[in-house]
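When you line the sequence shown up against my numbering, it's residues 38 to 325, in that order.
What follows is a set of notes on a single structure, which appears directly below.
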Amino acid sequence: MDEVFDGNEVDLGVVSLAADAGISVSLIGDPWQAVYEFRGADPVSTGRQLQDAGFGRVDVQTSFRFRTEHMRAQAALLRSRAPCSLRAEVAEKCDVVLASEWETLWGCDSMVLPLSFGTVRNQTDAALLVLLDHVTMRRFRRPAVYISDAHAFLRLAGVVSQEELEAAAAGMVSDLLDHGGPTAGALDRWRSELRRIGSPAQLRRLDAESEADRVEKLHLLAERLASSRSVPGMTVHQAKGGEWPRVGLRLNDYEANHLAVGLDPHLEADRVVYVAGTRAMDDLWSVS
């Protein structure tokens with residue numbers, strides 16, 4: 038079992054059942070990388086349970102991720118709880134930009150194209166994500182995060198073909214590019230287009246404040262469409278397990294302050310920064 042310190046009570050119950058049944062069990066994990074407390078993980082309690090259950094411990098002495106002396110030293114510094122600073126760099130030089138929240142990524146330089154707007158809460162969110170998915174697939178060959186949720190909200194399965202959906206999204210993207218961004222009623226037109234091609238969803242307008250927020254998201258996407266090159270943006274939770282040569286971090290004030298005094302492994306927010314900072318193989322930078 039990998040990432041055992043991100044396991045919740047149910048996950049650890051399965052481990053106990055297997056061990057009690059005489060099945061050989063190997064567990065891999067790092068309490069510094071436990072970032073799923075929101076789904077019930079408790080790395081401190083997990084450590085105690087594993088010790089009480091009699092699991093032996095073998096420490097891994099070498100990482101094969103870090104290819105430069107700079108990154109080996111940087112990773113060791115992060116883990117030592119010592120104060121740490123990152124050199125500022127432009128997003129263009131990064132292979133990926135990471136942040137703890139999707140909203141933070143949309144506040145980056147327009148070269149950064151986040152892979153999602155966040156959790157899909159309604160059918161308008163789903164409609165916007167379908168547009169974003171069209172763009173990310175063409176620029177990165179990667180689907181937008183939560184696109185399956187968007188399709189479920191719009192009830193597209195078995196009703197609208199992928200070809201029809203792609204053609205509609207391409208038309209909307211062309212409209213945004215031709216006009217230099219969203220014109221009045223652009224979001225309404227996109228909802229109408231989805232109904233036209235067969236989406237059974239109601240796709241009603243939201244309340245005034247929510248509608249303005251989604252129009253702003255459309256503006257942010259239009260800004261990225263105007264860029265000739267894009268760098269993918271991901272949350273740390275989506276990036277966990279991945280690695281890239283050059284990683285940029287977009288830190289909020291809390292994260293930057295904690296990094297400056299040294300990370301505390303007992304704080305989940307600090308562990309999120311540690312996970313983000315150890316995704317890079319060659320270079321790690323701060324981006325704005």
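Where a beta carbon is used, it is the ideal one built from N, C-alpha and C, also for glycine.
Residues near residue i in its chain [Cβ-Cβ closer than 7 Å; skip 5 each side]
i    : result
P120 : A297, V298, G299
A128 : V134, C145, D146, M148, V149, V268, G285, V324
M174 : P180
L255 : L165, P219, A223, L224
K130 : R283
V197 : I234, G235, S236
H171 : E203, A206, A207, V210
L123 : L286, L321, W322, S323
V252 : P219, L224
Residue nearest to residue i in terms of C-alpha spacing, selected from the options
i    : options                : result
G155 : E40, L123, V182        : V182
G91  : P302, W281, S63        : S63
V309 : V97, L168, L115        : L115
D215 : Q111, A259, G195, E40  : A259
F101 : V273, I60, R316        : R316
R228 : S265, Q160, H171, Q111 : Q160
M38  : L87, R118, V81         : L87
V72  : D57, S137, L152        : S137
A163 : Q98, A263, L321, R192  : R192
T272 : P151, D79, D57         : P151
S82  : E46, A194, A249, V197  : E46
A276 : R176, V52, V312, Q111  : V312
A263 : W69, R176, R104        : R176
L213 : L168, I184, Q98        : L168
E74  : H274, E280, G314, G279 : H274
Q98  : S153, L49, A113, G44   : A113
S185 : A58, S153, Y291        : S153
Simplified DSSP state of residue i, which is helix, strand or coil
i    : result
P180 : coil
D39  : coil
S117 : coil
A189 : helix
S264 : coil
S53  : helix
Q98  : coil
F75  : helix
P219 : coil
H303 : coil
R82  : According to the sequence displayed, residue 82 carries Ser and not Arg. Here S82 sits in helix by DSSP.
G59  : coil
T173 : helix
L87  : helix
A298 : Residue 298 is actually Val in this sequence, not Ala. Note: V298 maps to helix in three-state DSSP.
A238 : coil
A249 : helix
T105 : coil
T161 : helix
One or two residues paired with residue i in a DSSP bridge
i    : result
M271 : L135
W281 : A317
P151 : G270
W322 : G285
A125 : S323
Contacts around residue i, its chain only, beta-carbon distance under 6 Å, and the 5 residues preceding and following it disregarded
i    : result
P282 : D132, M318, D319
H295 : D307
G66  : E40, V41, F42
A56  : V62
A205 : E230, I234
Cβ neighbours of residue i in the same chain (closer than 8 Å, five flanking residues each side left out)
i    : result
T141 : R287, N289
A221 : none
R118 : G299, L300, D301, P302
Distance cut-off 7 Å: residue i Cβ against heavy atoms of the ligand GTP
i    : result
H274 : For the ligand GTP, the structure offers nothing, since it holds no ligand at all.
Chain D contact for residue i (CB, 8 Å cutoff)
i    : result
R266 : No chain D is part of this structure, which consists of one protein chain only.
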